[in-house]
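Structure first, commentary second.
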Amino acid sequence: MKNCNYYKKLISFRYILALALLLMAPLVVAAQSKTVTGTVIDETGEPIIGAVVKVSETTLGTTTDFDGRYSINLPEDKNQLEYSYLGYETQIVTVSSGKTFNITLQPKEQLMNEVIVIGYGTQQKKDLTGSITSVSSKDFNQGLINSPEQLINGKVAGVQIVSSSGSPTSGSTIRIRGGASLNASNDPLIVLDGVPLETGGISGNSGNFLSMINPADIENMTILKDASSTAIYGSRASNGVIMITTKKGSKGLKIDVSTTHSVQQLIKYSSTLNADEYRSVINSIGTDAQKALLGNQNTTWNDEIFQLAYGTDNNVSVSTSITKNMPIRLSAGYYNQNGILQTDNAERFTGSITLSPSLFNDHLKINVNAKGSVNNNRFANTGAIYNAAAYNPTIGVYSGNNDFGGYNEPLEPSKGTPSIAGQVVNPVGLLKQYDSKSDVKRFVGNFDADYKFHFLPELRAHMVLGYDYAKGKGNISVPAEAAQYYTTGGRNYGYGPQEKDNQLFTFYLNYAKDLKDIKSKIDFTAGYDYQKWKSRSEFYQEVNVAGEIQSAVAATDNRHTLLSYYGRLNYTFDSRYLLTATVRQDGSSRFSKDNRWSTFPSVALAWRIKEENFLKNADALSNLKLRLSYGITGQQDGVDDYSYIPRYTISQDGAQYLFGDKYYYTYRPEAYVPDLKWESTQSYNIGLDFGLFNNKLSGEIDYYTRKTKDLLATVPSPAGANFDKNVTTNIGNMKSEGIELTLNGVLIDSKDWGWNVAYNMTWQKMKITNLSLVKGAKTPITYVGATSGGNYLQIMKEGYTPYTFYLYKQVYDDNGKPIEGKYEDLHKDELTNSDDRYAAGSPIPDFLFGMNSQLRYKKWSLGFSLRASVGAKVFNNNAMKLGASEVLSWNTAQINNLSKSYLETGFKNLQYLSDYYLESGDFLKMDNISLGYNFGKISPWCSLNITGMVQNAFTITGYSGVDPEIYQGIESSFYPRARVYSINVGLQF
2 MKNCNYYKKL ISFRYILALA LLLMAPLVVA AQSKTVTGTV IDETGEPIIG AVVKVSETTL
62 GTTTDFDGRY SINLPEDKNQ LEYSYLGYET QIVTVSSGKT FNITLQPKEQ LMNEVIVIGY
122 GTQQKKDLTG SITSVSSKDF NQGLINSPEQ LINGKVAGVQ IVSSSGSPTS GSTIRIRGGA
182 SLNASNDPLI VLDGVPLETG GISGNSGNFL SMINPADIEN MTILKDASST AIYGSRASNG
242 VIMITTKKGS KGLKIDVSTT HSVQQLIKYS STLNADEYRS VINSIGTDAQ KALLGNQNTT
302 WNDEIFQLAY GTDNNVSVST SITKNMPIRL SAGYYNQNGI LQTDNAERFT GSITLSPSLF
362 NDHLKINVNA KGSVNNNRFA NTGAIYNAAA YNPTIGVYSG NNDFGGYNEP LEPSKGTPSI
422 AGQVVNPVGL LKQYDSKSDV KRFVGNFDAD YKFHFLPELR AHMVLGYDYA KGKGNISVPA
482 EAAQYYTTGG RNYGYGPQEK DNQLFTFYLN YAKDLKDIKS KIDFTAGYDY QKWKSRSEFY
542 QEVNVAGEIQ SAVAATDNRH TLLSYYGRLN YTFDSRYLLT ATVRQDGSSR FSKDNRWSTF
602 PSVALAWRIK EENFLKNADA LSNLKLRLSY GITGQQDGVD DYSYIPRYTI SQDGAQYLFG
662 DKYYYTYRPE AYVPDLKWES TQSYNIGLDF GLFNNKLSGE IDYYTRKTKD LLATVPSPAG
722 ANFDKNVTTN IGNMKSEGIE LTLNGVLIDS KDWGWNVAYN MTWQKMKITN LSLVKGAKTP
782 ITYVGATSGG NYLQIMKEGY TPYTFYLYKQ VYDDNGKPIE GKYEDLHKDE LTNSDDRYAA
842 GSPIPDFLFG MNSQLRYKKW SLGFSLRASV GAKVFNNNAM KLGASEVLSW NTAQINNLSK
902 SYLETGFKNL QYLSDYYLES GDFLKMDNIS LGYNFGKISP WCSLNITGMV QNAFTITGYS
962 GVDPEIYQGI ESSFYPRARV YSINVGLQF
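Under this note's numbering, think of the first position of the sequence shown as 2, with each following residue one higher.
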């Protein structure tokens, strides 16, 4: 029978082929395929325009017209058609006979039923009552990513992420809704697979502790912003929570291999005089001695210290299942990135394993995660950045002799000249003769078990055991001939090892029941946490090359413990009205017994307005939900482990005791506050979630206000009242508020084309409302932040934003040129003194914007991500500290370069506190542009995609310095952020 059919087909084929020679090729198509027609409608009977109809397992397809009609040729060897449309369930139809198929697509609630990771559990997106944003791996920022937080930069309203510098070893400052404290930590709590991570840094990696987590292992990042969503974490949640979920195993075998290679390029550096400009100035205003120090070289010092920097990031992962119910995933990664500043390098090895067995008919689910990393860092001496700006551009790098290793230096070795005031050593020697390396290891593991009781499936018991361990050490070596440590005979400084570990035990019960008879659902969680932190370091001392002791650091052993009890109730009535109530009680060993425990409650309500009868049939409206929440969260991070008890520490350098002919370190009492207590933040949030046109346009808008009381702040201590002039205590209040808007649009979604756009906007305002120990009393200004020439530029003051600039208002002549030393007499008392300084602006932006776009055409994809910041001020300290001719006469051994601002001002003396140097920090940054091509199957067992990317593509700003994006707003010898060109190759097996 099979043979008979074969010959019939063969005869038919020959017959058609013969006709084709006479009647042209279209009849071949008619014979080898059949045309299927029909209409595609939605659940209400309305035609769906633009629905995709394709032949299953092929790229053949079409779309429906304005009447929902379609026509498609089905090849003879295919018998299935696939119908799909955004927001609707895909339907596959087997075409056994007939040529007309009318299809009704059913709406899907995939978007609203998306499961979101929250504190101690998960929840469907439609049931959320708090302000929560989730970003999955498909929406992460692309390119060479050295730390997880960079994956979501610019993606989430209310979240500001600022990298501390362009170094590959640097970290980022993360602020959710601006932070809620002054001197205590403003960092969010980061939870990795249920384990709250150790915060801060460790010896050898103090800048970026989070970078030891491989970004390639991350599946999802969820940001909890309001008190309703964060209060379940109580004492650590005042600054928000970032939940990180890593990738798990799969049922089938899946192998992913990716490699990224990049080149980083310097974009901009401090603007100083070139050699010709410098000679002209010195010959115009310099003394004979200064003119004699001019050379005949034209050296661009920044070109001598910066470089094109190569980087690579390579990852491989294997996901499969050992048995039917035991998925496993293994991964390994290697990252190596040179900095654009020579001798700067970060190297990271990572590995992870995840087991996710499901036992007893899925009643017991277990997740075992183990992640390890080894970081090898080499740190450049970043002082070379200032030195390159300040060093004489008319002399060369090398002296031609053996003194100081052959580098041109302003010292006289034959006379043993010591370091002198204002001396700037050779920036190239500063880099090449400085060898600073560290070795840091980290392990994060957890055992997570979830048991659904056989006798009561609605009840689950959940246990988490977590462990986070890190160890870091390093060494700094400088040869004796180096000018930078000439007077001490070099440097040989080994620090560490420092060890930190964080142990967690969590147990909670969860009861979830759908009470259909009364149209209700309840979800109740109650649990207990125990978490203990330890930090230990050994005694270590610095010696020079000759073995002479230069300084010493005492051993440390710090510990603190947190105990917690918590409960949460989620209640839903008639799928429309939602309630979330949370309470947590925390006890911290950082406070005395009288103040150790504190309670943090929250409550949230949500109304799914779309489910009401008057909107249920509104076809254009896919989602409409109103949210309202209130809660209290706490703060104890950033406080010393023993701030409430008397203790003694070893004295600092310069404070030793002379006994005989030797100086000895002594132990001295530290300041302490016995009644230190929790800082607490009250938060209100009102939000609206919406979706239109089957969620082709969706978004949310939130307004929040927060009030922090019992601020943990460092303030001046009255003379004789404590053992330090400054003390950290509970003092004052602060208020903040903001508006957040998020919009997501699917502008095009067809077989060949797709275009998604996401936009977010944040408005934020922070103000200190009280800084007095006595309510109503007038408080002095507290000077904070970095200094310039020994002068504080910023203050904490009631009624102002934290870290407000406090400067003099510069006076200008009729030509707009600043008059040296002339400032406005704001008090109108014919005197210009410190009383005439004014609040000149804040380093905290008023508005933050983010926009992301992904355009797809067949196998091509084009994407970009940009950010903007408006309202922040930046003090250009680079221009100020080289902005006057006095820098030429700081010492007689050398003359230093000048900022180009000098050509505009002609200042003779540095104007440390002039608002002339305070500039707008507004900017628009194109963070990422990517162009990719998905080759699809290049063999039966392998798929290939290639993506080219440019990171930090451009910045539009009116700021004259290196970069307007400076945390706390003072740019001083900033390590520039580079432009990165990279290519990524991904293989899937």
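Even glycine gets a Cβ: it sits at the ideal position worked out from N, Cα and C.
Source: prediction; values computed, not measured.
So, using beta-carbon positions, are residue i and residue j closer together than 8 Å?
| i | j | result |
| --- | --- | --- |
| His828 | Asp836 | yes |
| Gly491 | Ala484 | no |
| Lys50 | Arg980 | Correcting the residue type first, residue 50 is Ile in the shown sequence and not Lys. Cβ atoms of Ile50 and Arg980: not closer than 8 Å. |
| Ala873 | Leu925 | no |
| Val53 | Thr60 | no |
| Leu106 | Glu150 | no |
Do you know whose CA, among the options, lies nearest residue i's CA?
| i | options | result |
| --- | --- | --- |
| Ile341 | Thr526, Leu360, Asn734, Arg379 | Arg379 |
| Phe141 | Phe525, Gln855, Lys626, Thr573 | Gln855 |
| Ala714 | Trp598, Leu849, Asp641, Asp78 | Asp641 |
| Tyr311 | Asp345, Asp847, Tyr408 | Asp345 |
| Asn80 | Val54, Ser236, Val94, Asn771 | Val94 |
| Phe955 | Gly39, Asn303, Asp928 | Asp928 |
| Leu432 | Pro480, Asp289, Ser137 | Pro480 |
| Ser168 | Gln92, Asn339, Glu83 | Asn339 |
| Ser236 | Ile732, Val888, Ser599 | Ser599 |
| Gln266 | Lys325, Ile306, Tyr387 | Ile306 |
| Ala607 | Gln586, Ala619, Leu580, Gly588 | Leu580 |
| Phe448 | Asn493, Pro358, Arg978 | Pro358 |
| Phe361 | Lys325, Gly373, Met762 | Lys325 |
| Trp756 | Leu867, Ser862, Gly791, Tyr494 | Ser862 |
Take residue i and list the residues in its own chain whose beta-carbon comes closer than 6 Å to its own, dropping the five residues that flank it on each side.
| i | result |
| --- | --- |
| Asn315 | Thr260, Tyr335 |
| Met950 | Gln143, Gly144, Ser931, Ser983 |
| Asp923 | Val871 |
| Ala787 | Ile971 |
| Val584 | Gly568, Pro602 |
| Lys9 | Low local confidence applies: a pLDDT of 37 at Lys9 is under 50, so the model's placement there is unreliable, with the coordinate-based value given in what follows. Excluding positions up to five away in sequence, the list is empty. |
| Thr134 | Val157, Ile224 |
| Val554 | Tyr541 |
So, for residue i: in the same chain, excluding its five sequence neighbours on each side, which residues have a beta-carbon less than 8 Å away from its beta-carbon?
| i | result |
| --- | --- |
| Asp826 | Leu832, Thr833, Asp837 |
| Val56 | Gly62, Ile73, Leu75, Pro76, Lys79, Gln81, Leu82, Glu83 |
| Arg461 | Asp451, Tyr452, Lys453, Phe454, Leu510, Asn511, Tyr512, Ala513 |
Leaving out the 5 sequence neighbours to the left and right, which residues in its chain are closer than 7 Å to residue i when beta-carbon positions are compared?
| i | result |
| --- | --- |
| Phe975 | Ser166, Val963, Asp964, Ile967 |
| Leu22 | At Leu22, the pLDDT of 35 sits below 50, so the modelled position is not reliable; the number obtained from the coordinates is stated separately. Result list for Leu22: empty, nothing under 7 Å. |
| Phe990 | Ile256, Trp942, Cys943 |
| Trp754 | Arg857, Tyr858 |
| Asn618 | none |
Taking only beta-carbon positions, decide if residue i is within less than 8 Å of chain B.
| i | result |
| --- | --- |
| Asn834 | Going by chain labels, chain B is absent from the structure shown, which holds only one protein chain. |
Can you tell me where the alpha helix (DSSP H) with residue i in it begins and where it stops?
| i | result |
| --- | --- |
| Tyr903 | 903–906 |
| Ala880 | 878–882 |
| Phe694 | Here Phe694 belongs to no alpha helix (DSSP H), and DSSP marks it neither H nor E. |
| Val116 | First-last for Val116: 116–119, but that is the beta strand (DSSP E), not the alpha helix (DSSP H). |
| Gln291 | 289–293 |
Between which two residues does the beta strand (DSSP E) holding residue i run?
| i | result |
| --- | --- |
| Tyr470 | 460–479 |
| Val441 | 436–453 |
| Pro76 | 70–76 |
| Arg500 | According to the sequence provided, residue 500 is Glu. The question's Arg does not apply to it. Its beta strand (DSSP E) spans residues 492–516. |
| Ala228 | No beta strand (DSSP E) holds Ala228; the alpha helix (DSSP H) holding it covers 228–231. |
| Tyr813 | 811–813 |
Check: Counting Cβ pairs closer than 8 Å, one from the segment 229–237 and one from the segment 498–514, do we hit at least three?
Finding: no
Would you check if the segment 449–467 and the segment 382–390 touch, i.e. whether three or more CB-CB distances between them fall below 8 Å?
no
For the segment 72–80 against the segment 680–689, are there 3 or more C-beta pairs whose distance is under 8 Å? no
Segment contact flag, the segment 501–519 with the segment 598–616, C-beta cutoff 8 Å, min 3 pairs: no
Requested in this report: Examine the Cβ distances between the segment 192–207 and the segment 589–596 and report whether three or more of them are shorter than 8 Å.
Outcome: Judged by Cβ distances under 8 Å, the segment 192–207 makes no contact with the segment 589–596, as fewer than three pairs qualify.
Exercise. Give a yes or no on contact between the segment 696–713 and the segment 242–255, applying the rule of three or more CB pairs nearer than 8 Å.
Key: no
Counting beta carbon pairs with one atom in the segment 268–286 and one in the segment 295–314, are three or more of them shorter than 8 Å? yes
Q) Should the segment 908–919 be called in touch with the segment 866–883, which here means at least 3 C-beta pairs below 8 Å? A) Touching, yes.
*Okay, do the segment 844–854 and the segment 793–806 touch, 3+ Cβ pairs below 8 Å being the bar?*
yes
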